[in-house]
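Asker: Residue 1 is where the sequence shown starts when you use the UniProt record's numbering, and the numbers rise one by one after that.
First, the structure itself, so that you have it in front of you.
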Amino acid sequence: MRGPRGRHRRRGDGRARRRRRRRREVRRGLGGGDPAQRRGLPRQPEAPLSPLVVLVGPPGAGKSTVAEALASRLGVGFRDTDADVEARAGVPVSEIFIDQGEAHFRTLEEEAVAAALAEHDGVLALGGGAVLSDATRALLAGHRVVFLDVGLAAGVSRVGMNGNRPLLLGNVRSQMKALMDRRRPLYDEVARFTIVTDDLDPTQVVDQVVRLVEEDR
Ligand SMILES: Nc1ncnc2c1ncn2[C@@H]1O[C@H](COP(=O)(O)OP(=O)(O)O)[C@@H](O)[C@H]1O
Ligand SMILES: O=C(O)C1=C[C@@H](OP(=O)(O)O)[C@@H](O)[C@H](O)C1
Ligand SMILES: [Mg+2]
Numbered sequence: 001m002r003g004p005r006g007r008h009r010r011r012g013d014g015r016a017r018r019r020r021r022r023r024r025e026v027r028r029g030l031g032g033g034d035p036a037q038r039r040g041l042p043r044q045p046e047a048p049l050s051p052l053v054v055l056v057g058p059p060g061a062g063k064s065t066v067a068e069a070l071a072s073r074l075g076v077g078f079r080d081t082d083a084d085v086e087a088r089a090g091v092p093v094s095e096i097f098i099d100q101g102e103a104h105f106r107t108l109e110e111e112a113v114a115a116a117l118a119e120h121d122g123v124l125a126l127g128g129g130a131v132l133s134d135a136t137r138a139l140l141a142g143h144r145v146v147f148l149d150v151g152l153a154a155g156v157s158r159v160g161m162n163g164n165r166p167l168l169l170g171n172v173r174s175q176m177k178a179l180m181d182r183r184r185p186l187y188d189e190v191a192r193f194t195i196v197t198d199d200l201d202p203t204q205v206v207d208q209v210v211r212l213v214e215e216d217r
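Pasting the structure below:
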């Protein structure tokens, strides 16, 4: 005879099992179906990893925010190249810009992007200026790159006046406009999909990326 606690536990276990199964199915389905990665088959040690999704776009597009929420929704890992650069340098991005200059930051960023593209199979957010590098754009070819687009007004209002983005110090609006005008062709060049985020909250952006990824299997 099963008491209420037993029933509760069994129902809980069943739910957890179903959730685990669903998550595996999502991962396998979205991962491009490499048969060597399936359970029960030998794994090819040399098979290169590739991120499920790479997010690009200007500062304030929501790349870091959306990448984390999307990864959690899909049950995969999340990585942000700005965080990787900071971990390696041991100081915030803004300090690297001030102490060693933008060129040095770009070198670290290029290395961080190359490493993440080769090592990470979850969701990857790049810094807004990563696409300035020819080498990075070449590496992005063939990846599932999503351009999170944002207009000037929404972008400026999202980044606000905080000093975390050294390129936007001074007149945020005019710096942002110059940066967006210069980079738009580069985002377009690397992107497989574009989502205009101005009127979407992060959850709605996540919904759209999930749909695109499912259709792109
Ligand atoms: N779709 C969105 N709508 C409104 N605010 C957003 C949206 N996406 C991100 N934000 C907010 O904008 C700011 C910048 O987001 P962030 O993820 O750091 O952008 P990015 O990494 O592209 O520079 C954060 O305060 C974040 O909460
Ligand atoms: O646009 C840029 O050149 C930069 C964007 C930042 O990342 P976010 O786009 O995530 O803000 C960060 O990499 C650095 O401050 C430079
Ligand atoms: Mg970011």
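We put the beta carbon where it would ideally sit given N, CA and C, even for glycine.
As the structure is a computational prediction, the values presented were derived from the model and not from experiment.
Nearest to residue 255 by CA position, among L74, D82, A71 and R73, is which residue?
Answerer: This structure gives no information on residue 255, because the portion of the chain shown stretches from 1 to 217.
Asker: Could you tell me which residues DSSP pairs with L55 in its beta bridges?
Answerer: A125 and V146, per the DSSP bridge assignment.
Asker: Can L148 and G75 be called in contact, C-beta distance under 8 Å?
Answerer: no
Asker: Considering only heavy atoms of ligand 2, does any lie closer than 7 Å to the CB of V93?
Answerer: yes
Asker: Can the beta-carbon of I98 be found less than 8 Å from the beta-carbon of F105?
Answerer: Not a contact, by the Cβ cut-off of 8 Å.
Asker: Over what stretch of residues does the alpha helix (DSSP H) that includes T194 continue unbroken?
Answerer: Premise fails: T194 lies in the beta strand (DSSP E), F193 to V196, not in any alpha helix (DSSP H).
Asker: When you compare the segment 177–195 with the segment 144–159, are there three or more beta-carbon pairs, one atom per stretch, that lie closer than 8 Å?
Answerer: yes
Asker: Rounded to a whole number of angstroms, what is the C-alpha to C-alpha distance between R28 and E111?
Answerer: Note that R28 scores a pLDDT of 35, beneath 50, so its modelled location is shaky and nothing firm can be said.
Asker: May I ask whether a heavy atom of ligand 2 can be found less than 7 Å away from the beta carbon of G151?
Answerer: no
Asker: What first and last residue would you give for the alpha helix (DSSP H) that runs through R79?
Answerer: Unbroken run through R79 is the beta strand (DSSP E), F78 to D80; no alpha helix (DSSP H).
Asker: By Cβ distance, which residues of its chain are closer than 7 Å to V206, with the 5 residues on each side in sequence left out?
Answerer: V66, A69, L70 and R73
Asker: For G90, count the other beta carbons within 10 Å of its own beta carbon; 16 or more makes it buried, fewer makes it exposed. Which is it?
Answerer: exposed
Asker: With the cut-off set at 8 Å, would you say A125 and L49 are in Cβ contact?
Answerer: no
Asker: With a CB to CB cut of under 8 Å and the five nearest residues on each side skipped, what residues in its chain are close to R211?
Answerer: none
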